[in-house]
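As numbered in the numbering used here, residues 89 to 422 make up the sequence shown, in order. Glycine included, each C-beta is placed from N, C-alpha and C at the ideal position. Worksheet: one structure, shown below.
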Amino acid sequence: MSYQFNWPVFGHREQLKFLQNAVSENKLANTYLFYGPAGLGKKFVARYFVQSIYCQDEKIRPCQKCRACQAITKGIYPDVYELGKNKQELSIDNVRELLHSLALSPVHGAHRVALIYGIDQINLYGANALLKTLEEPGRDTSIIMIGDSLAGLPATVMSRSQLLKFKPLNNHDMRDWVASYNFLHEEQDTIINLSFGKPGLALTMIADKLVNFKKSCNFIIKLLAHGTFYYMQTIDKWFGILKKEHPEYKVFELGALTKRYLDLLEVFLRDILWIKLERPVVNQMYQSELELLAEQFDKDRLVRGLLSLEDIKNKLRHNVSPQLLWENLFLSLK
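This is the structure in structure tokens:
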């Protein structure tokens with residue numbers, strides 16, 4: 089049956105067409121694996137896909153009005169199961185509980201769907217438990233796995249899945265989307281340039297009308313503009329505040345809270361280097377500030393700083409003091 093699909097998603101045309109055809113032709117695969125960097129809208133696509141499967145409207149899918157559509161939005165539809173939502177651990181016990189639910193008869197209709205978020209974070213025991221179901225899937229069951237990367241996933245899981253790779257949106261699609269919000273042209277360019285084709289990242293900037301983004305930029309500018317004493321003192325105060333605000337975090341876990349600042353610092357250092365090389369900058373809202381900062385740095389130090397940033401990002405994944413990493417970063421710049 090041919091439907092009019094109501095999926096308010098920018099980009100990902102091939103992926104949408106593939107999934108919508110599966111709904112129209114009622115030919116659902118047993119296992120799907122959505123993968124690609126965070127912030128691309130994989131979860132939104134999965135939700136519209138699942139709603140379209142169960143939607144009761146005979147013309148528009150999903151209609152967002154029927155009981156099935158509304159129940160799925162609220163996360164209470166009885167034949168749709170979710171695992172890993174809100175960063176829930178994908179342990180063997182949680183996977184087994186999910187598989188037990190899938191073994192039950194559907195409450196409505198003749199199909200059940202399981203959504204597994206963060207599949208790239210599943211441990212070996214959970215993956216092995218899941219693999220048994222993937223090897224012998226039920227005809228009336230579809231499992232949709234969503235992850236940022238294929239790295240670490242057993243080859244056997246990937247080989248039994250219909251792979252759908254999601255890529256960052258191109259500038260044209262991003263501009264069409266951002267244009268629907270009320271921003272100045274310069275602000276639109278900044279959002280597009282600094283979200284790197286990721287609508288989720290752009291939304292965080294749009295949500296507060298760039299207020300937090302501007303505060304973060306001013307923080308980075310002050311760090312780069314001042315000397316060693318100011319930098320070390322500011323970093324020390326910053327981590328002191330983070331420790332008080334997040335007492336439940338272990339010292340090395342605080343690094344996750346500073347990652348967006350590292351990403352922004354990388355943009356600043358790269359833009360300063362671009363000015364040195366007489367190339368256009370990404371963060372156009374701060375062109376004049378970048379030009380002033382460019383007078384304080386030479387090319388070699390900027391390259392050294394960018395390399396140090398990559399090293400820091402890798403080390404943050406391990407039990408290394410993030411404050412020490414931030415302090416050492418400055419030494420590579422000045």
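Best match in the options for proximity to residue i [C-alpha to C-alpha]
i, options, result
"K253", "E336, T221, K130, V355", "K130"
"H314", "E275, F385, D359", "F385"
"I232", "T221, P368, L350", "T221"
"K401", "L380, L350, F327, E275", "L350"
"W95", "N306, S112, Y136, T119", "Y136"
"Y269", "A134, E333, I294", "I294"
"G226", "D261, L257, N211, H188", "H188"
"H75", "E341, E379, I164", "Here the chain covers residues 89 to 422 and nothing more, so residue 75 does not appear."
"N416", "T316, S376, P335", "T316"
"D208", "R200, R184, D236", "D236"
"P74", "E146, R200, M89, C151", "Residue 74 cannot be examined here, being either before or after the span of the chain that is shown, 89 to 422."
"M89", "L352, L171, K147", "K147"
"F93", "L128, A134, R149, L104", "R149"
"K286", "E102, G127, H100", "G127"
"I234", "C157, L311, T119", "T119"
Beta-carbon spacing of residue i, residue j below 7 Å
i, j, result
"N281", "V195", "no"
"I308", "A290", "no"
"L178", "G214", "yes"
"L190", "T244", "no"
"G393", "L361", "no"
"M373", "E223", "no"
"L186", "A202", "yes"
"I180", "A217", "yes"
"W265", "F98", "yes"
"K364", "A344", "no"
"S247", "V339", "no"
"F327", "Q411", "yes"
"G206", "G163", "no"
"L251", "L104", "no"
Environment of residue i [buried if 16+ CB atoms lie within 10 Å]
i, result
"V391", "exposed"
"Y123", "buried"
"I204", "buried"
"Q144", "exposed"
"S283", "buried"
"Y318", "exposed"
"K325", "exposed"
"R367", "exposed"
"V111", "buried"
"A239", "exposed"
"D359", "buried"
"V183", "buried"
"E377", "buried"
"L192", "exposed"
"V355", "buried"
"V299", "exposed"
"A267", "exposed"
"I323", "buried"
"L311", "buried"
DSSP-derived helix/strand/coil call for residue i
i, result
"Q250", "strand"
"I204", "strand"
"S237", "coil"
"Q276", "helix"
"H271", "Inspection of the sequence shows that residue 271 is occupied by Phe rather than by His. Reduced to three states, the DSSP call for F271 is coil."
"R405", "coil"
"I231", "strand"
"F284", "coil"
"E223", "helix"
"R149", "strand"
"Y142", "helix"
"E170", "strand"
"Y136", "helix"
"L121", "strand"
"F93", "strand"
"K297", "coil"
Alpha carbon of residue i to alpha carbon of residue j, nearest angstrom
i, j, result
"K153", "V138", "15 Å"
"K422", "D388", "11 Å"
"L413", "F132", "36 Å"
"G197", "I141", "11 Å"
"Y337", "K331", "7 Å"
"N211", "F106", "30 Å"
"H334", "S249", "39 Å"
"G288", "P256", "11 Å"
"S304", "R263", "23 Å"
"R101", "N109", "12 Å"
"C151", "D296", "30 Å"
heavy atom of the ligand MN below 6 Å from residue i C-beta
i, result
"T316", "Inclusion of the ligand MN in the displayed structure is not the case, the ligand content being empty and no account of it being possible."
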